[in-house]
Amino acid sequence: MQMEHILNQPVIETQRFDLRPLRQSDQGLVEMYASDPRVAMTTASIPHPLPPGTIEAFITRAMAEQRDEHVWVMDGVKSGWSEVMGLISLSALDRNQSEVGYWVAPAFWNTHLASDAVRALVDGNPLTNDTMFASVFHDNPASAKVLTNAGFVYLGDAETYCLARDAAVPTWTYSRKL
Numbered sequence: 001m002q003m004e005h006i007l008n009q010p011v012i013e014t015q016r017f018d019l020r021p022l023r024q025s026d027q028g029l030v031e032m033y034a035s036d037p038r039v040a041m042t043t044a045s046i047p048h049p050l051p052p053g054t055i056e057a058f059i060t061r062a063m064a065e066q067r068d069e070h071v072w073v074m075d076g077v078k079s080g081w082s083e084v085m086g087l088i089s090l091s092a093l094d095r096n097q098s099e100v101g102y103w104v105a106p107a108f109w110n111t112h113l114a115s116d117a118v119r120a121l122v123d124g125n126p127l128t129n130d131t132m133f134a135s136v137f138h139d140n141p142a143s144a145k146v147l148t149n150a151g152f153v154y155l156g157d158a159e160t161y162c163l164a165r166d167a168a169v170p171t172w173t174y175s176r177k178l
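For the sequence shown, counting from 1, position 42 maps to 42 in the UniProt record's numbering; every step adds exactly one.
Printed below as a string of structure tokens:
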């Protein structure tokens with residue numbers, strides 16, 4: 001029997017769900033959702049098709065003591081929903097800043113889950129950041145709305161390489177002073 005490592009990372013509670021640290025037992029659901037091309041195409045970092053071992057390595061990195069990315073699961077068990085509905089993360093930047101990244105499983109699209117998760121992460125500010133940034137692809141205006149609803153302000157256009165698309169994709173960049 002192998003014991004799971006407990007992260008020194010806070011649980012952030014909302015009325016409908018909790019943002020809790022990622023754990024090894026989440027691998028199956030995360031892998032199922034991340035292998036969906038609709039999810040992969042909305043992120044820069046999820047390849048499609050998903051190579052074997054990708055999610056296992058991601059979880060191992062997310063659970064490491066020394067990490068630059070802090071990952072939370074959108075866990076809806078307290079509302080009778082799935083244990084994994086999506087992921088949200090903060091990647092540490094310099095000058096006390098972080099970049100927010102998130103994806104929601106298609107079964108939970110149009111439920112305001114992403115908006116509530118981003119707001120909860122901003123309000124909780126678990127890394128005590130001064131500023132948070134986020135970027136979304138131009139062809140994902142719903143994700144841009146999530147950010148503006150959470151108080152993020154548009155900074156400008158850029159582009160980011162998307163593994164699933166194997167191409168540079170135009171993005172909108174946003175920031176939120178805390």
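Just so it is clear, CB atoms sit at the ideal spot from N, CA and C, and this is done for glycine as well.
Determine the direct distance from the alpha carbon of residue j to that of residue i, and round the result to whole angstroms.
i	j	result
Thr148	Ala114	12 Å
Pro49	Glu159	22 Å
Phe108	Ile12	19 Å
Met85	Leu155	29 Å
Cys58	Ser135	Strictly speaking, residue 58 in this sequence is Phe, with Cys absent from that position. Computed Cα separation, rounded: 20 Å.
Leu119	Ala62	Looking at the sequence provided, one finds Arg at residue 119 rather than Leu. In a straight line, the C-alpha of Arg119 is about 21 Å away from that of Ala62.
Cys162	Val169	7 Å
Val104	Phe137	15 Å
Thr128	Gln24	26 Å
Gln66	Thr60	11 Å
Lys78	Asp157	38 Å
Gly80	Phe17	9 Å
Whose C-beta lies closer than 6 Å to the C-beta of residue i among residues of the same chain, with five residues either side of it excluded?
i	result
Gln15	none
Ala92	Asp68, Ser98
What whole-angstrom Cβ distance do residue i and residue j have, given they're in contact under 8 Å?
i	j	result
Pro106	Asp26	Not really, about 17 Å apart at Cβ, beyond 8 Å.
Thr171	Phe133	No, Thr171 and Phe133 are not in contact; Cβ-Cβ is about 11 Å, not under 8 Å.
Leu178	Asp130	6 Å
Val73	Arg38	Actually they are not in contact, since the Cβ atoms of Val73 and Arg38 sit about 19 Å apart, beyond 8 Å.
Val34	Ile46	Residue 34 is actually Ala in this sequence, not Val. Confirmed, about 5 Å.
residue 192	Val122	Nothing can be reported for residue 192, as the shown portion of the chain is limited to 1 through 178.
Taking all protein chains shown into account, decide if residue i is buried (16 or more other Cβ within 10 angstroms of its Cβ) or exposed.
i	result
Val153	exposed
Gln9	buried
Pro52	exposed
Arg176	buried
residue 223	Only positions 1 to 178 of the chain appear in this structure, which leaves residue 223 out of reach.
Asp139	exposed
Gly28	exposed
Asp75	buried
Check your understanding: What residue ranges within the segment 120-174 form continuous beta strand (DSSP E) runs of no fewer than 3 residues, ordered along the chain?
Key -> List check, beta strand (DSSP E) in window: 131-137, 153-162.
Practice item. Kindly provide the ranges of any beta strand (DSSP E) runs that are 3 or more residues long and lie completely inside the segment 10-60, ordered along the chain. Key: Correct list: 18-21.
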